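**Student:** Just dropping this structure here.
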Amino acid sequence: MSRLLEVLGMSAGYGLAPVLHDIGLYVDSGEVVAVIGANGVGKTTLLRTIAGIIQPSAGRIAFDGRPIGSTPAHDIVGQGLALVPEGGRLFPFMTVLENLELGAFNPSSREKTRTTLDEVMMLFPILAERKTQLAGSLSGGERQMCAIARALMSRPRLLMLDEPSAGLSPVMVERVFDMLRSVVASRNVTVLLVEQHVEDAPEIAQRAYVIERGRIVKTGSGAELMNDPDVQRAYMGL
Amino acid sequence: METLLNVLVVGILLGGIYGLVSIGLNLIFGVIRIVNFAQGELVMLGMYGAFLAYSMLGLDPYVSTLIVMPAMFLFGVIVQRVAIQPLQAESSMQIFATFGLLTVLQNVVLVFTRGEGYSVATKVASFSIAIGEIRITGTHLIILIAVTAISVLLHLFLQRTLMGKSIRAVTQDRQAARLMGINVERTFMVTFDIGSALAGLAGALIAPIYTLSPGIGDNFILAAFAVVVLGGLGSVAGAWAGGMIVGIVEAFAGYYIDPELKQAIWFLIFLLVLVIRPTGLSGQVGAEEVGFREQS
Chain A
1 MSRLLEVLGM
11 SAGYGLAPVL
21 HDIGLYVDSG
31 EVVAVIGANG
41 VGKTTLLRTI
51 AGIIQPSAGR
61 IAFDGRPIGS
71 TPAHDIVGQG
81 LALVPEGGRL
91 FPFMTVLENL
101 ELGAFNPSSR
111 EKTRTTLDEV
121 MMLFPILAER
131 KTQLAGSLSG
141 GERQMCAIAR
151 ALMSRPRLLM
161 LDEPSAGLSP
171 VMVERVFDML
181 RSVVASRNVT
191 VLLVEQHVED
201 APEIAQRAYV
211 IERGRIVKTG
221 SGAELMNDPD
231 VQRAYMGL
Chain B
1 METLLNVLVV
11 GILLGGIYGL
21 VSIGLNLIFG
31 VIRIVNFAQG
41 ELVMLGMYGA
51 FLAYSMLGLD
61 PYVSTLIVMP
71 AMFLFGVIVQ
81 RVAIQPLQAE
91 SSMQIFATFG
101 LLTVLQNVVL
111 VFTRGEGYSV
121 ATKVASFSIA
131 IGEIRITGTH
141 LIILIAVTAI
151 SVLLHLFLQR
161 TLMGKSIRAV
171 TQDRQAARLM
181 GINVERTFMV
191 TFDIGSALAG
201 LAGALIAPIY
211 TLSPGIGDNF
221 ILAAFAVVVL
231 GGLGSVAGAW
241 AGGMIVGIVE
251 AFAGYYIDPE
261 LKQAIWFLIF
271 LLVLVIRPTG
281 LSGQVGAEEV
291 GFREQS
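Line by line, the protein sequences are chains A and B.
Residue numbers for the first sequence follow my numbering, so the first one is 1 and each next one is one higher.
Residue numbers for the second sequence follow my numbering, so the first one is 1 and each next one is one higher.
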């Protein structure tokens with residue numbers, strides 16, 4: 001296995017307000033890794049910084065061995081790193097199909113738009129049915145699926161997801177995670193996801209990090225963290 | 001009946017002019033949501049561009065569009081870099097900046113022309129077709145054809161091409177657009193520049209039917225905002241129809257009510273539409289807020 005993503009001593013924030021301090025984490029090829037933490041501890045900021053939306057104020061981010069800490073977001077996608085933002089953030093006044101086409105906008109995936117589209121439609125049959133519908137009219141679950149499918153259109157090697165379960169009913173959460181599992185299996189992607197609900201994440205993740213007030217405080221396998229009394233007390237209400 | 005038809009034709013031709021001068025704004029305000037008060041001055045510069053090409057090179061204004069459009073594209077690059085881009089995060093400041101630009105451009109042109117009114121001649125002016133009693137001049141006919149053709153092309157560009165889609169994506173969600181690999185800053189710049197080039201084209205095409213003056217843009221800017229909003233922000237077909245509505249209403253109000261009130265009447269209709277249907281005639285619900293919300 002090789003290090004696909006490596007973050008070392010990274011700090012980041014908005015303007016003068018630092019959110020993340022001295023973050024260190026890694027994701028190996030083929031892994032599914034979760035970052036768990038309560039609301040407002042910096043999970044979203046972490047993913048945004050890796051994706052290039054925010055520039056880190058210190059530290060190093062390397063993707064596939066290459067530093068990407070100062071690469072603008074629109075160039076990072078082309079290197080094989082895609083982020084599904086919280087809530088999906090689809091383009092509401094565009095059709096599902098147009099959203100998917102834009103997912104393959106970057107030059108390295110644009111030529112393969114047709115092929116990727118067919119593959120993605122196979123994975124998400126519901127999107128094939130809805131393809132001429134405006135994205136803004138989709139239900140919460142469909143929206144999340146469409147956002148994941150849109151990210152896959154860029155043919156990423158690392159797929160990052162910001163709270164894919166947020167705002168979904170338990171049944172829908174189950175379906176989205178099932179979907180994610182089949183995506184991981186069939187498309188050979190590595191996954192880094194951020195979750196608030198600790199009980200969902202370990203099911204799918206091999207390893208997890210726990211983040212508190214902008215710092216990583218614990219790390220271990222999914223099962224280890226599930227059985228950790230501190231984690232249970234803090235995130236599972238036990 | 002004859003009069004009615006006559007007034008209608010006058011209205012349609014006027015609508016063509018309103019539609020044409022609104023096309024650049026349709027892209028700049030309708031699509032990327034930059035409130036550009038200097039849009040009328042971009043049209044004005046296009047008119048003077050046609051005049052310069054005519055007086056210095058002897059070019060027909062229709063031929064001069066080949067020079068005026070690229071020149072106004074470049075002018076758009078400068079304006080966007082200097083006045084618009086630095087204020088991208090503060091859209092209300094952008095409005096003031098464009099207002100400042102309006103004043104500067106009018107006065108610079110005033111200095112050079114010393115208030116003298118120029119006109120541009122074209123061979124097309126002597127050509128006209130007759131429908132019954134009504135004569136339509138070639139210059140007006142070209143405007144009508146141009147506004148329709150450009151509207152169709154602009155619509156296809158925005159709806160069908162990947163670049164057009166990326167422009168719409170940037171308006172709807174900047175951050176998600178970045179995540180797609182779209183260079184947001186460059187998209188804004190290119191869209192503004194195309195809008196400026198289209199304003200220049202409009203200026204060159206209407207130059208033969210006006211006496212050029214530095215303040216002529218004021219005649220267009222309010223109407224252009226009304227046309228773009230009336231049609232529905234971001235809807236090219238809507239803006240075409242908006243231009244026609246403004247032109248036809250003006251012609252009828254001017255003839256049947258009072259020439260003094262002709263513009264007041266369509267402005268009243270515009271206000272009514274804003275109250276009853278803020279998305280415009282063919283806009284999608286909620287679309288009027290897109291691009292104006294805080295975007296992180």
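From the three backbone atoms N, C-alpha and C, an ideal C-beta is built for every residue, glycine too.
The model shown is predicted, which means the values in this text are computed figures rather than measured ones.
Please confirm if residue 53 (chain A) has its CB atom under 9 Å from at least one CB of chain B.
**Tutor:** Stepping through the first sequence from its first residue, residue 53 (chain A) is reached at position 53. With 9 Å as the cut-off, residue 53 (chain A) counts as an interface residue toward chain B.
**Student:** Just checking: is the beta-carbon of residue 169 (chain B) within a distance shorter than 9 Å of some beta-carbon in chain A?
**Tutor:** Start at 1 with the first residue of the second sequence, and residue 169 (chain B) comes out as number 169. True, the Cβ-Cβ gap to chain A drops below 9 Å.
**Student:** Here's the rule: buried if 16 or more other CB atoms are within 10 angstroms of the residue's CB, otherwise exposed. What is residue 124 (chain A)?
**Tutor:** Here residue 124 (chain A) refers to the residue found at position 124 of the first sequence. Counting Cβ neighbours within 10 Å, residue 124 (chain A) comes out buried, since at least 16 surround it.
**Student:** Since residue 75 (chain A) is in the alpha helix (DSSP H), which residue starts that stretch and which ends it?
**Tutor:** As a working mapping, residue 75 (chain A) is identified with position 75 in the first sequence. That run of the alpha helix (DSSP H) goes 73-76.
**Student:** Around the C-beta of residue 33 (chain B), are 16 or more other C-beta atoms found within 10 angstroms, so that it is buried, or is it exposed?
**Tutor:** Taking the second sequence and counting its residues from 1, one reaches residue 33 (chain B) at position 33. Buried: at least 16 other Cβ atoms inside 10 Å.
**Student:** Under 9 Å Cβ-Cβ, which residues of chain B neighbour residue 105 (chain A)?
**Tutor:** For the purposes of this step, residue 105 (chain A) is taken as residue 105 along the first sequence, with counting starting at 1. Within chain B, the residues near residue 105 (chain A) are 162, 165, 166, 169, 177, 180, 181 and 182.
**Student:** Could you tell me whether the Cβ atoms of residue 76 (chain B) and residue 201 (chain B) are closer together than 9 Å?
**Tutor:** As a working mapping, residue 76 (chain B) is identified with position 76 in the second sequence. As a working mapping, residue 201 (chain B) is identified with position 201 in the second sequence. No, Cβ-Cβ distance for residue 76 (chain B) and residue 201 (chain B) is not below 9 Å.
**Student:** Report the residues of the region 87-117 of chain A with a CB closer than 7 Å to any CB of chain B, ordered along the chain.
**Tutor:** Within the region 87-117 of chain A, the qualifying residues are 89, 91, 92, 93, 94, 98, 101, 102, 103, 105 and 106.
**Student:** Taking Cβ-Cβ distances shorter than 8 Å, what residues in chain B pair up with residue 77 (chain A)?
**Tutor:** In the first sequence, the residue the question calls residue 77 (chain A) occupies position 77. Correct list: 179, 180 and 181.
**Student:** In the DSSP assignment, find the beta strand (DSSP E) that holds residue 225 (chain A) and state where it starts and stops.
**Tutor:** In the first sequence, residue 225 (chain A) corresponds to position 225, counting from 1. That residue, residue 225 (chain A), is in no beta strand (DSSP E); its alpha helix (DSSP H) goes 222-227.
**Student:** Helix, strand or coil: which one does DSSP assign to residue 164 (chain A)?
**Tutor:** Here the question's residue 164 (chain A) lines up with position 164 in the first sequence. Reduced to three states, the DSSP call for residue 164 (chain A) is coil.
**Student:** Mind listing the chain A neighbours of residue 172 (chain B)? Cutoff is C-beta to C-beta under 8 Å, in chain order.
**Tutor:** As a working note, residue 172 (chain B) is residue 172 in the second sequence. The answer, in chain order, is 91, 92, 93 and 94.
**Student:** Can you tell me the Cα-Cα spacing of residue 5 (chain B) and residue 139 (chain B), whole angstroms?
**Tutor:** Along the second sequence, read from residue 1 onward, the residue named residue 5 (chain B) stands at position 5. Along the second sequence, read from residue 1 onward, the residue named residue 139 (chain B) stands at position 139. If I take the Cα positions, the gap works out to 20 Å.
**Student:** Please give me, in chain order, every unbroken run of the alpha helix (DSSP H) with length at least 4 that falls completely inside the region 154-179 of chain B.
**Tutor:** If we require 4 residues or more, the alpha helix (DSSP H) runs fully inside the region 154-179 of chain B come out as 162-172 and 174-179.
**Student:** Whose C-alpha, out of B:218, B:198 and B:226, is nearest the C-alpha of residue 20 (chain B)?
**Tutor:** As a position in the second sequence, residue 20 (chain B) is number 20, starting the count at 1. Measuring from the Cα of residue 20 (chain B), the nearest candidate turns out to be B:198.
**Student:** Closest by CA to residue 252 (chain B), which one among B:241, B:8 and B:112?
**Tutor:** On the second sequence, position 252 is the one that residue 252 (chain B) refers to. Per the Cα distances, B:8.
**Student:** Please list the partners that residue 73 (chain A) has in chain B, where partner means a Cβ-to-Cβ separation under 7 Å.
**Tutor:** Looking up residue 73 (chain A) in the first sequence gives position 73. Result: 178 and 179.
**Student:** To the nearest angstrom, how far is the alpha carbon of residue 49 (chain B) from that of residue 133 (chain B)?
**Tutor:** One-based indexing of the second sequence puts residue 49 (chain B) at position 49. One-based indexing of the second sequence puts residue 133 (chain B) at position 133. If I take the Cα positions, the gap works out to 35 Å.
**Student:** Is the region 7-23 of chain A in contact with the region 166-176 of chain A, if contact means three or more CB pairs nearer than 8 Å?
**Tutor:** Touching, no, given that fewer than three Cβ pairs across the two stretches are closer than 8 Å.
**Student:** CA-CA distance, residue 272 (chain B) and residue 159 (chain B)?
**Tutor:** If you number the second sequence from 1, residue 272 (chain B) lands on position 272. If you number the second sequence from 1, residue 159 (chain B) lands on position 159. Going by the C-alpha atoms only, they are around 29 Å apart.
**Student:** Considering Cα atoms alone, identify which of A:207, A:187 and A:35 is closest to residue 216 (chain A).
**Tutor:** Taking the first residue of the first sequence as position 1, residue 216 (chain A) is located at position 216. Residue 216 (chain A) has its Cα closest to that of A:35, out of A:207, A:187 and A:35.
**Student:** For residue 128 (chain B), list the residues DSSP reports as bridge partners.
**Tutor:** Sequence index remark: in the second sequence, residue 128 (chain B) carries index 128 (1-based). Paired residue(s): B:137.
**Student:** Just curious, the alpha helix (DSSP H) that residue 250 (chain B) is in, first and last residue?
**Tutor:** If you number the second sequence from 1, residue 250 (chain B) lands on position 250. Unbroken alpha helix (DSSP H) run through residue 250 (chain B): 236-252.
**Student:** Thinking C-beta only, is residue 230 (chain B) closer than 9 Å to residue 217 (chain B)?
**Tutor:** If you number the second sequence from 1, residue 217 (chain B) lands on position 217. If you number the second sequence from 1, residue 230 (chain B) lands on position 230. Contact flag unset, no.
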